[in-house]
Amino acid sequence: MDEDRRGKLQRLRERGVEPFPHAFPGVGPISVVHEAHAGLEAGEDTEAVHRVAGRLAARRGHGKAAFLDVVDRSGRIQVHARLDVLGQDGFEDLLGLDLGDLVGVDGTAFKSRRGELSLKATGWTLLAKSLLPPPEKFHGLEDVETRYRRRELDLMANEESRALFILRSKVVAAIRRWLDARGFLEVETPVLQPLYGGALARPFTTHHNSLGRDLYLRIATELYLKRLIVGGLERVYELGKDFRNEGLSPKHNPEFTMLEFYEAYADYTDIASELEQLVAYVATEVGYEGEIDFATPWRRVTLRDAILKETGVDVLAARDRGSLLAAAAGQGIELDSTETWPRLVDDLLSKHVEPKLAQPTFILDYPVELSPFAKAHRSEPGLVERFECFAGGMEFANAFTELNDPDEQRARFEEQARLSAQGEKESQPYDEDYVRALEQGMPPTGGIGVGIDRLVMLMAGRSSIREVVLFPTMR
RNA sequence: GCCCCCGUAGCUCAGUGGUUAGAGCGGCGGUCUUUUAAACCGCGCGGCGCGAGUUCGAUUCUCGCCGGGGGCACCA
């Protein structure tokens, strides 16, 4: 079969036809052709000339005429080819194309008897020969492995996939518009870091040859961004990849896209209202019509109340491992008795609360042990001013009033070092550069991290992160 | 890392311990100047993921490996 296509390629060249021309100027999107003739009656002709280009997706021959479907990013259009218009050579060569070939077509718009908007081809050009057969035209490409590993085939075969990644692009563009309009500066901080930090996760390690030194791929942008707040940039954001050395799951890809933004003189309540406005704006901009109600304001509930409601356990009335294990057992909940108190609280949250949070919900006020960079709560001892935001049974954002007291930050790092000594793998390494920056004086600041892949999952109604990442990490 | 499931034509799939493994789409040839999963006629384009074993005989049974999916663990 490849030989058929290569044979055609060779014959084209022998006849002086360039199978891979350099350009095709003047192409318009297929969607524009549809929009321009939306009101046309079946059987009606026009003089309107259009030039489109795309992949040949289907062909229906009728002897001295034929219908060809051409697909571009914006849609699909039918081309009507006629022997009497194109001439013997032009007509036969057009029918000799293979499905998957890239073609440019000039033609006039008309609506067929069956009411399909079409272009009556007056001329055409081969724009690139395809040497491999495309996926099947009716069922499309369904094999999951091929769809992920060879995304180009998925994109050409499955319109939903194309639409999804166009949606993703719109989500990201809308986020930038929203932040830019509010005076946030987009910045770029190091991906390769001598010390990782800003999240509780294990990093990937790499090596710089001429420096002779190991470096880490960042697990978060947090600490560098706050140094920019110290520097007086006041409102900054970074939208980019973080890398965490952890397993794959429907909600986790080892490299993922994170938005973090920081705002001087704001606290976590300001950030919460900004997040709900941002996401509501994005939902509107991309035309979201799913089951999640992004209309503001979103539900707000404290971590204590959320866990209490779902499990009957009051984590603030059981502030050590023993009493929390006992309280959970009293409610018939089995917990891992080897875990630390903050881990147990996290367990209760992620197993018993998170799955139930279908509609957007802020969970507020976390134990300090879980949050080494969040500022102590102004009225609740032992807690910090932090929220995580959930929707679709999944966390997609994490924010706090930033800790800006350098001495307390130093103490938090020391506590993390203590946990690390106890075998906690995801603790924070001590970052002296960061503490020193805080000593320079950081204004009161609110900050947040938003998982963009997860936000796209919500907007697209997908349950797997691999569906919304173009080239997901494969086993 | 663990558990379960899957791996047949370019694509979507069916199938059997036994003579030359099937269908649709795609491809090739033919009829057909408004069809649309076009239709109709003709042609199968594959040693059934890889390796070993059981068996007279394996695509089909067993084991291992590779690849994938789902779940768990990990993780936010």
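Residues 43 to 517 (our numbering) make up the first sequence, in order.
Positions of the beta carbon are idealized from the N, C-alpha and C atoms, including for glycine.
In chain order, which continuous runs of the beta strand (DSSP E) of length 3 or greater are located wholly inside the segment 219–259? 247–250 and 255–259
Tell me residue 101's beta-bridge partners as DSSP assigns them. 110
Cα-Cα separation, residue 323 to residue 515: 30 Å
So, using beta-carbon positions, are residue 476 and residue 267 closer together than 8 Å? no
DSSP on residue 505, reduced to helix/strand/coil? It is coil, neither helix nor strand.
Here's the rule I'm using: 16 or more other beta-carbon atoms within 10 Å means buried, otherwise exposed. How should residue 87 be labelled? exposed
State buried or exposed for residue 307, treating a residue as buried only when at least 16 other CB atoms are found within 10 Å of its CB. exposed
Any chance the segment 149–156 sits against the segment 171–182, with 3 or more Cβ pairs inside 8 Å? no
Are the segment 268–281 and the segment 217–231 touching, with three or more C-beta to C-beta distances below 8 Å? yes
With DSSP collapsed to three states, give me the class of residue 455. Correct three-state label for residue 455: helix.
If you run the structure through DSSP and keep just helix, strand and coil, what is residue 49? In the three-state scheme derived from DSSP, where H, G and I count as helix and E and B as strand, residue 49 is classed as helix.
Which first and last residues belong to the beta strand (DSSP E) in which residue 300 is found? Here the beta strand (DSSP E) through residue 300 covers 297–306.
For residue 43 and residue 140, what's the separation of their Cα atoms in angstroms? Reliability fails at residue 43, whose pLDDT of 42 lies under 50, so the model's placement of it is uncertain and no value is given.
Using a Cβ-Cβ cut-off of 6 Å (strictly less than) and excluding sequence neighbours within five positions of residue 498, which residues of its own chain qualify? 210, 213 and 510
Along the alpha helix (DSSP H) that carries residue 197, what are the first and last residues, could you check? Its alpha helix (DSSP H) spans residues 193–199.
Residue 101 beta carbon less than 8 Å from that of residue 146: no
Residue 262 vs residue 289 beta-carbon contact at 8 Å: no
Below 6 Å CB to CB, which residues in the same chain sit around residue 237 once its five sequence neighbours on both sides are set aside? 471 and 473
Less than 8 Å between the beta carbons of residue 429 and residue 404, yes or no? yes
Taking residue 416 and residue 445 to be in contact with their CB atoms under 8 Å, please state how far apart those CB atoms are, rounded to whole angstroms. 6 Å
State the beta-bridge partners of residue 432 as determined by DSSP. 403 and 437
Extent of the continuous beta strand (DSSP E) run through residue 342: 341–344
Compute the distance between the beta-carbons of residue 414 and residue 318, then report whether it is under 8 Å. no
Determine the closest residue to residue 201 out of 82, 339 and 99, with distance taken between C-alpha atoms. 99
What residues in its chain sit with their C-beta under 7 Å from that of residue 340, if we drop five residues either side in the sequence? 318, 402, 403 and 404
From 113, 85, 105 and 72, residue whose alpha carbon lies closest to that of residue 91: Of the candidates 113, 85, 105 and 72, the residue whose Cα lies closest to the Cα of residue 91 is 72.
Which stretch, first to last residue, makes up the alpha helix (DSSP H) that contains residue 152? No alpha helix (DSSP H) contains residue 152, which is instead part of the beta strand (DSSP E) from 144–153.
Alpha-carbon spacing of residue 385 relative to residue 185, whole angstroms: 39 Å
Selected residue, minimal CA-CA separation from residue 512, among 375, 160 and 295: 295
Please name the residue or residues paired with residue 363 in a DSSP beta bridge. Answer is none; residue 363 lacks a bridge partner.
Which of helix, strand or coil does DSSP assign to residue 355? In the three-state DSSP reduction, residue 355 falls in the coil class, being neither helix nor strand.
Span of the alpha helix (DSSP H) holding residue 477? 474–481
Tell me, which residues are paired with residue 124 by DSSP? 107
Using 10 angstroms around the beta-carbon of residue 248, count the other beta-carbons present and answer buried if the total reaches 16, otherwise exposed. exposed
Once you ignore the five residues that flank residue 191 on each side, which residues in its own chain have a CB closer than 7 Å to its CB? In its chain, beyond the 5 residues on either side, 516 have a beta carbon closer than 7 Å to the beta carbon of residue 191.
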